[in-house]
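A quick write-up on the structure given underneath.
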Amino acid sequence: MQSTTDRAASRLAWARATLGDNALLLEPASSDASFRSYWRTHHDGRSWIVMDSPPAQEDPRPWLQIGRQLAAAGLHVPAVQAQDLEQGFLLIEDLGTRLYLLELNEHNADALYGDAMDALLLMQTRMGYRDLPPFDRAVLQRGLEVMPEWFLGRHLAHTPACDEWDVLEAAFELIIHNAQEQPRCFVHRDYHSRNLLVVERNNPGIIDFQGALAGPITYDLASLLRDAYVTWPRERVEAWVESYRHRLRHAGVIGGDIDRQRFLRWFDLTGLHRHVRVLGQFYRLWYRDGKPGYLADVPRVYHYVVSVARSYPELAGFAALIERYAEGRDLTKVASA
């Protein structure tokens, strides 16, 4: 594995050779929770992104394959100008800096989410999913188990007792069953405000899709509307959810038997799965990987978990368990080693 300095030198040399400009420089564009990183450069009056995806840690081929399929389905994903799969470097279209996270406000939210839901419908109706890895029971279970390990155990220093494990396991089984009873489709897995960009043509621009799975139909909708980085009033979220249910019915994806209440339950409990996982994952990113940047968003995720769980009587014990050990704690502060 290359050192950070050697990797940076290889990345810059490749970018300069690819664009034929020995003077160009790279500046950080963004990074994510994986080993992948993104770098912006300018050449001949145009901005480009170099995606650095070290093959040993982050094989770039799934990103390329899924990106081609998304583009063919009519979605706006970064076009690829050049690639070096052996080194793990890609030169791709720069979709800009106007992340949904930065652009959303109460006045434009209906329009921007409307665009995002239109794009989501294209993904769910035009993208094949049967060859994707399944979002199956094992994946669902592993995602949920991150929370007791890293939030309860590592961060709050609490090992659940036997009766508490019974509460956790009952809640997890309910959440898993909810996901499994839904229709299957292409699932982006991180369809939220940090991975959507406001663009002039065919909005939104979509990134970070390489981890797609075949999974429940409300998963990406929950990622979008119960975003770990943006909060909206419950009434407004539920109105968007209902508008998407009508889109799915009109497209023939779901039938008339899936009424508002059932679809909302699908959405709520699927979002709960995501946020239980993220509640553990954000702490794992700090304690295991040394990445503290997500801790500021933990209170929002915690609120989602507790408020949704409280709204379903069969999950009241689960909500109470979480609250019992988190009460009075500053969830943005890391525990001592």
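Heads up: the sequence shown begins at 0 in numbering that gives the first Met the number 0, then just goes up one per residue. Yeah, the Cβ is synthetic: ideal placement off N, Cα and C, and Gly gets one too. Here the structure is a predicted model, which means the values were calculated and not measured.
For P61, the enclosing alpha helix (DSSP H) starts and ends at R60 to A71.
Here DSSP, grouped into helix, strand and coil, assigns F208 to coil.
Separation of the CB atoms of V307 and L271 is rounded to 5 Å, and the pair is thereby assigned contact status at 8 Å.
If the five residues before and after F317 are omitted, its C-beta is found closer than 8 Å to the C-beta atoms of V166, L167, A169, A170 and A308, all from its own chain and listed in chain order. Of A55, A334, P61 and A213, the smallest CA-CA separation from R136 is found for A213. Taking C-beta atoms as the reference points, D51 and G87 count as a pair closer than 8 Å. When beta bridges are read from the DSSP output, R183 appears opposite P215. Between the region 127 to 141 and the region 194 to 213 there are three or more C-beta pairs closer than 8 Å, enough to call the two in contact.
Nearest in C-alpha terms to G204, of all of V76, H191 and P53, is V76.
In the three-state scheme derived from DSSP, where H, G and I count as helix and E and B as strand, S192 is classed as coil. Per DSSP, the continuous alpha helix (DSSP H) segment holding V304 begins and ends at V297 to R309. A28 and A110 have their C-alpha atoms roughly 26 Å apart.
For S242, the enclosing alpha helix (DSSP H) begins and ends at R233 to H249. The beta carbon of E313 sits closer than 7 Å to the beta carbons of L173 from its chain, once the five residues preceding and following it are set aside; these are given in chain order. CA-CA distance, F262 to L143, rounds to 22 Å.
Counting other Cβ atoms within 10 Å of its Cβ, G66 reaches 16 or more and is therefore classed as buried.
V76: not part of any beta strand (DSSP E); DSSP gives it neither H nor E.
For R39, there is no enclosing alpha helix (DSSP H); the enclosing beta strand (DSSP E) has its first and last residue at S36 to H42.
Comparing alpha-carbon positions, the option among D43, L98, Y293 and L220 lying closest to A178 turns out to be L220. With fewer than three CB-CB distances shorter than 8 Å, the region 240 to 254 does not count as touching the region 276 to 293.
Scanning the region 103 to 186 for uninterrupted beta strand (DSSP E) segments of 3 residues or longer gives 183 to 186, listed from N- to C-terminal end. Q56 is classed as exposed because its beta carbon has fewer than 16 other beta carbons within 10 Å across all chains shown. Per DSSP, the unbroken alpha helix (DSSP H) holding E322 starts and ends at A315 to A325. Closest by C-alpha distance to L101, out of A22, N194, L119 and P147, is N194. In this chain, the alpha helix (DSSP H) harbouring S9 covers T3 to L18. Secondary structure of P312 (DSSP, three-state): helix. In the three-state scheme derived from DSSP, where H, G and I count as helix and E and B as strand, P291 is classed as helix. Taking D207 as reference, the option from R225, R200, V186 and V198 with the minimal CA-CA separation is V186. The shortest C-alpha to C-alpha distance from D267 to any of R225, S46 and A7 is the one to R225. Sequence-distant Cβ neighbours of F150 in its own chain, meaning closer than 7 Å and more than five residues away, are L278, G279 and Y282.
G289 and T17 have their C-alpha atoms some 33 Å from each other. Excluding the 5 residues flanking it on each side, Y128 has same chain C-beta neighbours closer than 7 Å at R183, C184, F185 and A213, in chain order. Linking A227 to Y112 through their CA atoms gives a straight-line distance of about 15 Å.
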